[in-house]
Every structure is written in structure tokens, then in C-alpha cells.
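S.K.: This is the structure, below, for whatever I ask next.
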Amino acid sequence: MAHFDENAKPFSNKWLDERIGLNTLKRVLNTEYWIPKDINFLWAMGMVLAATFGILVISGIFLLMYYKPDADLAFDSVNYTIMSEVGFGWLWRHVHGVGASIVFLIIYIHMFTGIYYGSYKRGRELIWLSGMGLFVAFSAEAFSGYMLPWGQMSYWAGMVITNLFSGGSLEAYGLVEWIRGDYVPGDAYLTRFFMLHVLLIPLAIIGLIVLHFGTLRLPHVNNQEGAEIDFDEAASLWKAGKRKESKVIPFSPVFLSKDIFVMGVYFILFFYLVFYHFDFAMDPVNFDPANGLKTPAHIYPEWYFLWSYEILRPFSKDVGLIAFGIAQAAFVFLPFIDRSPNVAPAHKRGLFQIWFWVLLIDMIVLTAMGKLPPTDPTFAFIGLVSAILFLCMGPILVVITMFEKKIEKGA
Amino acid sequence: MRELKIFAIVAFFSLLTYYLVEPYAHHAMHMKVDKDGNEIKIESHGFTYDGTDDIAEAKRKGDDALVAKKEAFWSDVVVVSSMTGDTVAGEAVFANCLGCHSGANINMGGVVPPNLDHAGAIYDKNYLIALIKDPAMASNVDHKYADTSMHPMGSIKFTVTDNQQIADVVAYILEKKVGEVTAKEVFTEACVRCHAVRYAKMTQIGETPKFKHRKDALAHEIKVIEEQDRIKAYMGNLPPDLSMMIRARSSHFLETFVENPQSGLPGTSMPRVGLNQEGYEKVKEYLTEAGDPSKKAREELGPWVIGFFVIFTILAFLWKKSMWRDLH
Numbered sequence: 001m002a003h004f005d006e007n008a009k010p011f012s013n014k015w016l017d018e019r020i021g022l023n024t025l026k027r028v029l030n031t032e033y034w035i036p037k038d039i040n041f042l043w044a045m046g047m048v049l050a051a052t053f054g055i056l057v058i059s060g061i062f063l064l065m066y067y068k069p070d071a072d073l074a075f076d077s078v079n080y081t082i083m084s085e086v087g088f089g090w091l092w093r094h095v096h097g098v099g100a101s102i103v104f105l106i107i108y109i110h111m112f113t114g115i116y117y118g119s120y121k122r123g124r125e126l127i128w129l130s131g132m133g134l135f136v137a138f139s140a141e142a143f144s145g146y147m148l149p150w151g152q153m154s155y156w157a158g159m160v161i162t163n164l165f166s167g168g169s170l171e172a173y174g175l176v177e178w179i180r181g182d183y184v185p186g187d188a189y190l191t192r193f194f195m196l197h198v199l200l201i202p203l204a205i206i207g208l209i210v211l212h213f214g215t216l217r218l219p220h221v222n223n224q225e226g227a228e229i230d231f232d233e234a235a236s237l238w239k240a241g242k243r244k245e246s247k248v249i250p251f252s253p254v255f256l257s258k259d260i261f262v263m264g265v266y267f268i269l270f271f272y273l274v275f276y277h278f279d280f281a282m283d284p285v286n287f288d289p290a291n292g293l294k295t296p297a298h299i300y301p302e303w304y305f306l307w308s309y310e311i312l313r314p315f316s317k318d319v320g321l322i323a324f325g326i327a328q329a330a331f332v333f334l335p336f337i338d339r340s341p342n343v344a345p346a347h348k349r350g351l352f353q354i355w356f357w358v359l360l361i362d363m364i365v366l367t368a369m370g371k372l373p374p375t376d377p378t379f380a381f382i383g384l385v386s387a388i389l390f391l392c393m394g395p396i397l398v399v400i401t402m403f404e405k406k407i408e409k410g411a
Numbered sequence: 001m002r003e004l005k006i007f008a009i010v011a012f013f014s015l016l017t018y019y020l021v022e023p024y025a026h027h028a029m030h031m032k033v034d035k036d037g038n039e040i041k042i043e044s045h046g047f048t049y050d051g052t053d054d055i056a057e058a059k060r061k062g063d064d065a066l067v068a069k070k071e072a073f074w075s076d077v078v079v080v081s082s083m084t085g086d087t088v089a090g091e092a093v094f095a096n097c098l099g100c101h102s103g104a105n106i107n108m109g110g111v112v113p114p115n116l117d118h119a120g121a122i123y124d125k126n127y128l129i130a131l132i133k134d135p136a137m138a139s140n141v142d143h144k145y146a147d148t149s150m151h152p153m154g155s156i157k158f159t160v161t162d163n164q165q166i167a168d169v170v171a172y173i174l175e176k177k178v179g180e181v182t183a184k185e186v187f188t189e190a191c192v193r194c195h196a197v198r199y200a201k202m203t204q205i206g207e208t209p210k211f212k213h214r215k216d217a218l219a220h221e222i223k224v225i226e227e228q229d230r231i232k233a234y235m236g237n238l239p240p241d242l243s244m245m246i247r248a249r250s251s252h253f254l255e256t257f258v259e260n261p262q263s264g265l266p267g268t269s270m271p272r273v274g275l276n277q278e279g280y281e282k283v284k285e286y287l288t289e290a291g292d293p294s295k296k297a298r299e300e301l302g303p304w305v306i307g308f309f310v311i312f313t314i315l316a317f318l319w320k321k322s323m324w325r326d327l328h
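If you're matching them up, the sequences are chains S and H in order. Anchor point for the first sequence: position 99 equals 99 in this note's numbering, and the numbering is continuous, going up by one each time. Anchor point for the second sequence: position 306 equals 306 in this note's numbering, and the numbering is continuous, going up by one each time.
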């Protein structure tokens, strides 16, 4: 057995170190977790996401105390009990609603940062894959949460999305009924999505966050130039007090000090939205109670699903479903279809830079068209073209990166 | 500076996406077009009533006879409006109204005739004139009747026929049926005969009192259901509960819809109720209290929370500066 100092005071540094390796933990996770110095505020998005997830959990716990997962009571428990009877219930609801929407903005910024700087390339594939796992889990979490207020949009979005599982011409309505627990979304449907939203998916998210952080530790976070850093050498320079010469900084406190500043700016924006501009995250249609006999004139998902919704929409039933399926999975394969040997920011990678901006703009166009009424032929046509373009972006990437020249990096 | 440049790019694309999916998409979704594809602009007229919308709607239908009828009707209203009413004579005419508008909460011909205690304070003068001339035309639901005298209040066309009489009774209402009025009273007089607000315990027969015995509560509930059935039979459907309406519709929609229901929901059986600006503000106040009661608390707390994070950010910036001072 290891040696335990009998004079160590309980819970003192030494006492803890002997039992849980406190000093090792601190070193590995904080003071000697080296982060490249050459970074910008986009490198803080991970911690911003973690903080937003924390806010969603805390506000969710408060809402959970008064929410009633029952098709007859859900709407009023949210809109009456929480909004007008519970002290500060309105605050937690608006924080939760705005947080759920804004977390996707940060996820997309985080994702596109990764694509721009090539942070999914050799050595970092698992970071990308676990990140995509988080994206899927957050999407499921957002969808299941959207069902809970049981308004018109909850009901009809639930109807449309679960209908997708009928598989077009496969007509697998049995599967749809199995998912819903009923012929139409009803009480059984609401209670199971409630369970998913408050238990199973959050558990999966927490596990995936741990995995995501874990996959980052050895390859280290990328830097603005994609430079390969000798972390041992840089670390010893830092430890020798040569802070200017060293290419790295410790996670805590130096990197964290920047993270927290960025978080502060983010929270100003976040709470501005919570107090003065929450409407964008809380669709007015959802303030009408669910009514299975009254289909809303326009059914659309929340903004963060619009681009993939628009890939489903312009095609015929089966083609649309297949295209939709491909679009859902496409980003997962990024580390394997980008054949370029370079880890470098897009502006140094020639055609890849064009590819990146086309992808970004195409997804914004898809997002807009996903909400605009498809009955307008112009919108429908733009939607179709951008959906086809999106589907071509994968093969195009394979081709342009195969011919990408290796960038010679100076010492 | 590079960081600011990157921030500008991120902000630009975020705001562009926001603009496209929110203001732009909602405008495109709710846009109404006529049969030639031209946009129909729906605008508020400040809760005054001169039939502009009604005539424009008739023109869009391409029904020349209807256009002529509406134009004649509303120009008659202007004529009466310019006449001087005599309140003493008006009081005598008003006695006719009390037969139905007694405040007794009894359904007549489909709905409970509204209480007129504050009619002079909450309704528009021209609207009142129009209503007495022809209730179905005034409330822009003449499409529901082959003959507008079939309107539950249609018999007024035969009882108050003279323009001077109309001017008199309206003068009487505008002078005597006024006074301080609460948001709840306006809502009760103008909306409650059709709409419930369950978050404020309001039903079509008024606010639900507290009952000591369950038996009495159930008996009251049955009375509410019976009234709802009568309204359903008359309107075609039970008009929606308005508890969350203040958040379920935009303020522009609510404004133009209350002014002229046909503008938002063509063909609806909801009549125009003729509220003036003050009357509408009271209704809005009542709906806000029911559907968005945290508005005041929200507006009060906002600056404190944001102020906290501004100070937090300044301190964090200073900390960051001190940490990064000797790095480059």
C-alpha cells in the first residue's frame, strides 16, 4: 500500500494528494495543460458552450420542479404556472429558451472554426467525431425539449419529424406508431420525450462532453497557423520563465483568463436576448395550445434545423429522405474525405478556402429557404439548387484536397 | 486588429442569418397578396373607422354592387357624424337599446348583448353611428347574412331609422356613458361575450366567482358550457381563449385584427367591435396582464443583470491583460 502521512490534516493539499493525486490532476488538467499562444477568441467557444450547457442544466432543474408532463396540463404548467405563479419562473423559462437556441449558434461557430483551421485532421479525428456526437445529442435534446410546452408548433413539428421514420415509400407506419406510442402525438408521446429530454439525452451529453475533452488532451488544441508545436520544448521554456519565447501557455490561469473575458462578453449578449429579445427563440405559434384538428399555415423547425429541413423539402418523397439522411451524416466523415496533408487555416489552402465560404453561404441560404414558404417558385428553386450544391460539396472536397499541394512550413 | 476582424465576420453572418429567418421570413410568410400577386398592405388606421378597408376588400372581390353599397353606407355615416346630436332626445332613443343591452347577461340571438355602461369612452363615434345604421355592415360581417337585418341586432334598422335620431343617441352615449373604466371592464364589455381568458378565470358569462360547494361550482360550469354552445351555434366555432394571445400574435397583427378582423382572417365570423384607441390600449393591458404578467419584472431586472455582466467583463478583461502582459 502507498504511504499515507499520519500527520497530514484531513482535506489539506497533502492529504488529498495522497488519496486522489490532487497535484497530478492539477498539473495534467490545469497548470501544465499546454495551450498554444497563437489563438483568437474563437478558441474560447468550447468553454462558452460548456457554460451555456451549465446554464441550461440549472434553468432546466428549476423548470422541472413545476413542469407537468401531461398532454392536458403541460401547456398551462408552462405558460401559466411557471410564467405567472412561480417566482422568477419567467426568468428561468426565458433563460432556458434563449439558451437552447443560442447554444446552436455557438455550436455552429465552433464547428466552422474547426473546419476553417483544419482542426479535425490527423491526430484530431476523435475530437471531431466526439464533437459530431455532441451535435447529434444536442439536436435530439433540442427536439425533445421543443415538444414539452405542447403548443401548436410542438405538436406539429413532432408530427412531421416522427413521420420521417415511415421511410417514404417503405410506409413503415408501424415504426412511427412505435416511436409515438400512439397513432398521433399524444400523452404517451409527450411523457417519453419528457424522459428523453430530462434524463437519457442529458446523460449522453455529459458523457460525450467528457469524451470530447478527453480526446483533446493528447493531440492538444490547434492554433491559428496550424503550426506543429513541440509541446515538451515549449513547456520547458515556459517553466524556465521564458514566457515570451515559449509558444504555449498553461490552461490555467492564462488561457482561462481569456476564456472568462470572452464568456463575459457572451453573457452580456445572452442576457440582452433573455430580457429584451427572447421572441426569436420562442415562436409565437407555440403559444397556441396543441390542436390536432388545426394545422398551422406554416410548419417549420427552429432555425438551427432549417438547413437540413431544406435538403429534405425540395425533392420528391424518397429522394428527399435519402438526401436528408446523407446531409445528417455528411459532416461526420469530414476527417476522412479531406485528403489534404495540410493542417492550416483555410486562407492558406487555395481552393479549400473557396470551398469553405461556399459551404458556409450555402448553409445560410438553405437555412433561409427552409423557413420561407416553398409555394413561392423562386424560393423553391433557390432551395433546390442550394440543396443539390450541398450534396455535391462532399465529392468536391475529396477532389480539391487530393490535388492540394503540401505547404512547406518554415522552422 | 485581427480579433476584431474575425468578430466582425462572425457577427455579420450571424446577423444575416437572423435577418433571413426572422424578420424577412416572417414577412414573407404572413404576406397577403391579391389575385394579381400584389402585396396587400395591412395597416392600422389608429382605431378610427371610415370603411376604407371594407371598400378595398369589396374591390378586391370584384363585386361592383358591393363596392357601391359600402361606399354609400360609409358616406352616410360621415353625414350623420357631422350632425349635431341632442343628448336629451338621445336619452329617449337610448331607452330602446336597454331592452336588450340590459346587462342581464342573457343570450339573445347567439350572444349576450354587451353592457353599454362605458360605450362612450371605449368605442369610436363613427363606428357607433355605423352600428346603429346597420350592425352587420358596421362590423364588416355582412357577408354572413343574405339580408343584414337578420343580424341579431338587425332590427335596429327598423326601430331607429332617422339620421337625427342616430346623431342624438350617439351624442347621448358619448356624453353620458363615459367615466373612469378599468382594463377589465373594457375587456368584459367589448370581448367577453365570445372570448374566455382562463388564466384570468374569465368565461363567456363573466369572471368565475369562488364557490364554497362543489355542487355550485359544477352548476356554474354547466351554465358556462351552455353559453359556449349557444355561441358555437351562432359563430360556427367557439372563439379562442385569449389567455396567451398577447404572445401568440404580433402586436401589429393584434392591432389590425381588432380594428378589422377581416384583414387578418378573411371570411371570419368575428365582428369588428369598434374600439377606439384608448379602448384598445385597455384591452391590450388586460391581455398583457393575463398572458405576459412578468413583463414589468423583466424590464426592471434586465438592466441589473446586464450591468452585472458588464462589470464582470471589465474585471475579466483587466485580469486577462495582466495575465497576457509579458507573453509577446
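The C-beta atom is built at its ideal place from N, Cα and C for all residues, glycine as well. All values derive from a computational prediction rather than experimental measurement.
1. Check Y123 (chain H) in the structure and name its three-state DSSP category.
2. Please determine, among S:F267, S:F278, S:V184, the residue with the shortest C-alpha to C-alpha distance to L293 (chain S).
3. Considering only residues of the same chain and omitting the five flanking positions on each side of R124 (chain S), which have a CB-CB separation below 6 Å?
4. Between the region 255-274 of chain S and chain H, which residues of the former have CB atoms less than 7 Å from a CB of the latter, in chain order?
5. Below 6 Å CB to CB, which residues in the same chain sit around V332 (chain S) once its five sequence neighbours on both sides are set aside?
6. Closer than 8 Å is the cut-off here; do at least three beta carbon pairs connect the region 96-112 of chain H with the region 223-242 of chain H?
7. Grouping DSSP H, G and I as helix and E and B as strand, with all else coil, what is A411 (chain S)?
8. Taking contact to mean 3 or more Cβ pairs, one atom from each stretch, closer than 8 Å, check whether the region 275-292 of chain H and the region 186-204 of chain H are in contact.
9. Strictly below 8 Å CB to CB, what residues from chain H border I364 (chain S)?
10. Relative to the C-alpha of I205 (chain H), which residue among H:R230, H:H213, H:H118 is closest?
11. Less than 8 Å separating the beta-carbons of V78 (chain H) and Q165 (chain H)?
12. Please confirm whether L384 (chain S) has its beta-carbon closer than 8 Å to some beta-carbon of chain H.
13. Once the 5 residues before and after L42 (chain S) are set aside, which same chain residues still bring their CB inside 6 Å of it?
14. Considering only the alpha carbon of each residue, which of H:D50, H:A56, H:H26, H:G51 lies closest to I40 (chain H)?
15. Quick one: grab the DSSP three-state call for K282 (chain H).
16. By Cβ distance below 7 Å, which residues in the same chain neighbour A411 (chain S) in space, the five residues on each side in sequence not counted?
17. Pick helix, strand or coil for K330 (chain H), following the three-state DSSP scheme.
18. For I6 (chain H), would you say it is in contact with chain S, using Cβ-to-Cβ distances shorter than 8 Å as the test?
19. Residues of chain H with a CB under 8 Å from the CB of N40 (chain S): which are they?
20. Does any residue of chain H have a CB that is nearer than 8 Å to the CB of Y67 (chain S)?
21. How should D147 (chain H) be labelled, buried or exposed, when 16 other C-beta atoms within 10 angstroms of its C-beta is the threshold for buried?
22. From the DSSP output, in three-state form, read off L238 (chain H) for me.
23. At 4 residues or longer, what runs of the alpha helix (DSSP H) sit wholly inside the region 146-233 of chain H?
24. Closer than 8 Å is the cut-off here; do at least three beta carbon pairs connect the region 224-238 of chain S with the region 29-47 of chain S?
25. With 8 Å set as the bound, which would you pick, yes or no: does the beta-carbon of R193 (chain H) sit closer than that to a beta-carbon of chain S?
26. Along chain H, which residues have their Cβ under 9 Å away from the Cβ of N79 (chain S)?
27. Using CA atoms only, rank isn't needed, just tell me which of S:M363, S:T375, S:D17 is closest to V385 (chain S).
28. Taking the alpha helix (DSSP H) that W34 (chain S) belongs to, which residues open and close that run?
29. Per DSSP, L128 (chain H) is paired with what?
30. Going by alpha carbons, who is nearest to P250 (chain S) out of S:I299, S:W15, S:N30, S:W307?
31. Does the count of Cβ pairs from the region 226-244 of chain S and the region 10-28 of chain S closer than 8 Å reach three?
32. Starting from P250 (chain S), follow the beta strand (DSSP E) in both directions and report where the run begins and ends.
33. In terms of alpha-carbon separation, which member of H:I122, H:N38, H:H143 lies closest to L66 (chain H)?
34. For V10 (chain H) and E299 (chain H), I'd like the C-alpha separation in whole angstroms.
35. Rounded to the nearest angstrom, what separates T81 (chain S) and D338 (chain S) at their Cα positions?
36. In chain order, which alpha helix (DSSP H) runs of at least 4 residues are fully inside the region 323-390 of chain S?
M.R.: Reading off the structure:
1. Residue 123 (chain H) sits at position 123 when you count from the first residue of the second sequence. It is a strand residue.
2. In the first sequence, the residue the question calls residue 293 (chain S) occupies position 293. Considering only alpha carbons, the answer is S:V184.
3. As a working note, residue 124 (chain S) is residue 124 in the first sequence. Closer than 6 Å at Cβ, skipping near neighbours: P219.
4. S257, K258, I260, F261, G264, V265, F267, I268, F271, Y272
5. As a first step, residue 332 (chain S) is located in the first sequence; it is residue number 332 there, counting from the start. The residues are M132.
6. yes
7. Counting from 1 along the first sequence, the entry for residue 411 (chain S) is found at position 411. Interpretation of A411 (chain S) is limited by its pLDDT of 41, a score under 50 that renders its predicted location unreliable; the figure taken from the coordinates is listed afterwards. Coil.
8. yes
9. If you number the first sequence from 1, residue 364 (chain S) lands on position 364. Near I364 (chain S) (Cβ distances below 8 Å), the residues of chain H are F13, L16, T17, L20.
10. Within the second sequence, numbered from 1, the residue matching residue 205 (chain H) stands at position 205. The candidate whose alpha carbon is nearest that of I205 (chain H) is H:R230.
11. Within the second sequence, residue 78 (chain H) is the residue found at index 78, counting from 1. Within the second sequence, residue 165 (chain H) is the residue found at index 165, counting from 1. It is not a contact, given that the beta carbons lie outside the stated cut-off.
12. Residue 384 (chain S) sits at position 384 when you count from the first residue of the first sequence. No, its Cβ sits nowhere closer than 8 Å to a Cβ of chain H.
13. Numbered from its first residue, the first sequence carries residue 42 (chain S) at position 42. Cβ within range, chain order: T113.
14. What you label residue 40 (chain H) is simply residue 40 of the second sequence in a count that begins at 1. For the residues H:D50, H:A56, H:H26, H:G51, the minimum Cα distance to I40 (chain H) belongs to H:A56.
15. Translated into the one-based positions of the second sequence, residue 282 (chain H) becomes position 282. If DSSP states are grouped into helix, strand and coil, K282 (chain H) belongs with the helices.
16. In the first sequence, the residue the question calls residue 411 (chain S) occupies position 411. Note on A411 (chain S): pLDDT 41, under 50, position unreliable in the model; no value is reported.
17. Residue 330 (chain H) is absent from the model: chain H starts at 1 and stops at 328.
18. Translated into the one-based positions of the second sequence, residue 6 (chain H) becomes position 6. Yes, I6 (chain H) counts as interfacial toward chain S.
19. As a first step, residue 40 (chain S) is located in the first sequence; it is residue number 40 there, counting from the start. The contacting residues are R2, E3, I6.
20. Numbered from 1 along the first sequence, position 67 holds the residue referred to as residue 67 (chain S). By this cut-off, Y67 (chain S) is not an interface position.
21. For this step, residue 147 (chain H) is matched to residue 147 along the second sequence. Label assigned to D147 (chain H): exposed.
22. Taking the first residue of the second sequence as 1, we reach residue 238 (chain H) at position 238. In this structure, L238 (chain H) counts as coil in the three-state DSSP scheme.
23. 156-159, 163-176, 183-190
24. yes
25. The residue labelled residue 193 (chain H) in the question sits at position 193 within the second sequence. Not one chain S Cβ lies under 8 Å of R193 (chain H).
26. Looking up residue 79 (chain S) in the first sequence gives position 79. Result: Y199, S243, M244, R247, G291.
27. Translated into positions along the first sequence, residue 385 (chain S) becomes position 385. Residue S:M363 is the option with its Cα nearest to V385 (chain S).
28. The sequence position of residue 34 (chain S) within the first sequence is 34, counting from 1. Not the alpha helix (DSSP H): W34 (chain S) falls in the beta strand (DSSP E), residues 34-36.
29. Translated into the one-based positions of the second sequence, residue 128 (chain H) becomes position 128. Answer is none; L128 (chain H) lacks a bridge partner.
30. Within the first sequence, residue 250 (chain S) is the residue found at index 250, counting from 1. Measuring from the Cα of P250 (chain S), the nearest candidate turns out to be S:N30.
31. no
32. Working through the first sequence from its first residue, we reach residue 250 (chain S) at position 250. Looking at the DSSP string, the run of the beta strand (DSSP E) that includes P250 (chain S) is 248-250.
33. Indexing the second sequence from 1 puts residue 66 (chain H) at position 66. Nearest C-alpha to L66 (chain H): H:H143.
34. Counted from its first residue, the second sequence places residue 10 (chain H) at position 10. Counted from its first residue, the second sequence places residue 299 (chain H) at position 299. Between V10 (chain H) and E299 (chain H), the C-alpha separation is close to 29 Å.
35. Residue 81 (chain S) sits at position 81 when you count from the first residue of the first sequence. Residue 338 (chain S) sits at position 338 when you count from the first residue of the first sequence. Spanning the two alpha carbons is a distance of roughly 51 Å.
36. 334-337, 351-371
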